[in-house]
Amino acid sequence: MQHACIFLELLKITYIHCMKRLLSLYLVLSGFLLHAQTVKELKTVASSFSEMAKIPAGSFLKHEYSFLNIQPTKQDTNLLFCIHPEATITKVTTSFYISTHEVTNAEYRQFIVWVTDSLIKNNITFDTVFYRYTTPSGKSTRISIVPDTMNRVLRDMFGYCNLNYYTHKEFISFPTTNISWHQAQAYIHWLNNRMLELLKKNHVPTTDWGKYRLPEALEWEYAAMIVEKNGDWFNQRNPDAYNIYGWLDYPLTTKEGLYKANFGLIRDLNHMVIKARWDDNYDALAPVKKYVPSLMGLYDLSGNVSEWTNTSISLDSLNKFYAGYYSNLLQTKYQHLFEELLKPAPDWKKFDAFKAESVRGRYDAQAQQYWFNEYVIRVKEMENYNRSILSRISDGMLVKGGSWDNPPVYMINTCSQVLSKNFTTPQTGFRVALTLEPAFEKLLGSYLTGQK
0 MQHACIFLEL LKITYIHCMK RLLSLYLVLS GFLLHAQTVK ELKTVASSFS EMAKIPAGSF
60 LKHEYSFLNI QPTKQDTNLL FCIHPEATIT KVTTSFYIST HEVTNAEYRQ FIVWVTDSLI
120 KNNITFDTVF YRYTTPSGKS TRISIVPDTM NRVLRDMFGY CNLNYYTHKE FISFPTTNIS
180 WHQAQAYIHW LNNRMLELLK KNHVPTTDWG KYRLPEALEW EYAAMIVEKN GDWFNQRNPD
240 AYNIYGWLDY PLTTKEGLYK ANFGLIRDLN HMVIKARWDD NYDALAPVKK YVPSLMGLYD
300 LSGNVSEWTN TSISLDSLNK FYAGYYSNLL QTKYQHLFEE LLKPAPDWKK FDAFKAESVR
360 GRYDAQAQQY WFNEYVIRVK EMENYNRSIL SRISDGMLVK GGSWDNPPVY MINTCSQVLS
420 KNFTTPQTGF RVALTLEPAF EKLLGSYLTG QK
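Letter 198 of the sequence shown, counting from 1, is numbered 197 in numbering that gives the first Met the number 0, and no numbers are missing.
Dropping the structure here:
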């Protein structure tokens, strides 16, 4: 009997010891699984919503608004023609992140599903899905977040209004479109809240961690045109390095003759079509990341869908620009531009117009004056054209990059469209940007760029 009691006591001790070991092992495994889950959630929020590229700080040629020497067509109802002939070098003092591709149907769908689930859980009846939030100015607002399914792009793609474009698995990697500036802001507000929830859940201080946002127009241009030289990052107007489109070199096609972007028609001087919409392999929208990326790994900066920025423009800002522009012209500050126009001419040589004695010299002087006068006339025409656009749009925001439906001029990095904040088109989507505080960059940076 005594031996039996001792045996039972030993068995009890062994059982307790084993249970402690199992408990320890469970805690270790739980900690590992919790860490794995945290990593997974970090990747879900920071990466799968939109994988991002880090854009380093550097020198930036900050441009003012100017205009291409191109005659607007009847279809160019909202394009500001920009070449930025004068630039002042400034510094981009902090690095930032920007999505490698436009927000896709799959990413935007997560937003709609979350809002819909919240309404169902709270037993709220609804006809249209609205997202309620408070703007940075403290104003409470609500936004209908479902894209318009009765639009032209769907009819162009399918011959009928395919209501499944935003939900069907075949289109999950296509850019979401028919999104207004307000809807893009609502998505970004929701995205920031999801990140805050995750950080709080993992006991990470969330004070000033940074925020997702729309990129500023100049940030967008900097990211599109940035190059690296001797370890320094900058965008420059050197013709050998200047990126007119969202890729490193100028031609619209690769060496194999394939188009580098998804864009609209090209017509010759006789209005004959020399590039149809489907010649770039897609009649309308294309999945993201199907074309040539930029040097920084950013896809579809040119073409596919044009992109909202967080930069506004108004008639007042245009007036301020012209006040300085014409003053500079009177001082012949832009005379070098007109010389550039004449350089390709046969037998061209640099000359001093006041010392020109030869017939050729006098002819060149007259030609130069002619080009100067013509340019001033064109600037005035463009001024009137752009005033007519901005006089119709009181809440204009700059839209960058051009789309599947636009000719190449819309894709030039320094050109911008202007749209009202409430306006939606089948050509317009968005991508997100993010500035992180240094401490949070160490925590999240690798997940944002997909390095982990």
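Beta carbons: idealized from backbone N, C-alpha and C, even for Gly.
Considering only 173, 179, 54 and 283, the residue with the shortest C-alpha distance to residue 93 is 54. Within a 10 Å sphere around the beta-carbon of residue 395 sit 16 or more other beta-carbons, which makes this residue buried. Per the coordinates, the alpha-carbon of residue 173 lies some 11 Å from the alpha-carbon of residue 428. Taking a cut-off of 8 Å on C-beta distances, the region 188-196 does not touch the region 407-416, as fewer than three cross pairs fall below it. With at least 16 other beta carbons inside 10 angstroms of its own, residue 259 counts as buried. Residue 317 sits close to residue 382, with the two beta carbons spaced by under 9 Å. DSSP places residue 109 in the helix class (H, G or I) of the three-state scheme.
With a cutoff of 9 Å on beta-carbon distance, residue 312 and residue 217 are scored as not near each other. Under DSSP, residue 399 forms a beta bridge with 306.
Secondary structure at residue 416: strand, using DSSP grouped into helix, strand and coil. Counting every other CB atom within 10 Å of its CB across the protein chains shown gives residue 299 a total of 16 or more, marking it as buried.
DSSP links residue 51 through a beta bridge to 98.
DSSP lists 174 as the beta-bridge partner residues of residue 103.
Remark: C-beta atoms of residue 175 and residue 106 approach each other more closely than 9 Å.
DSSP places residue 388 within a helical segment (H, G or I) once states are collapsed to three. 186 is the residue among 57, 186 and 163 whose C-alpha sits nearest the C-alpha of residue 129. Its chain contains 401 as the residues whose beta carbon lies nearer than 6 Å to that of residue 409, once the 5 sequence neighbours on both sides are disregarded; these appear in chain order.
Sixteen is the threshold: when 16 or more other Cβ atoms of the shown chains lie within 10 Å of the Cβ of residue 178, as they do, the residue is buried. Annotation for residue 435: the continuous beta strand (DSSP E) segment containing it runs 432-435.
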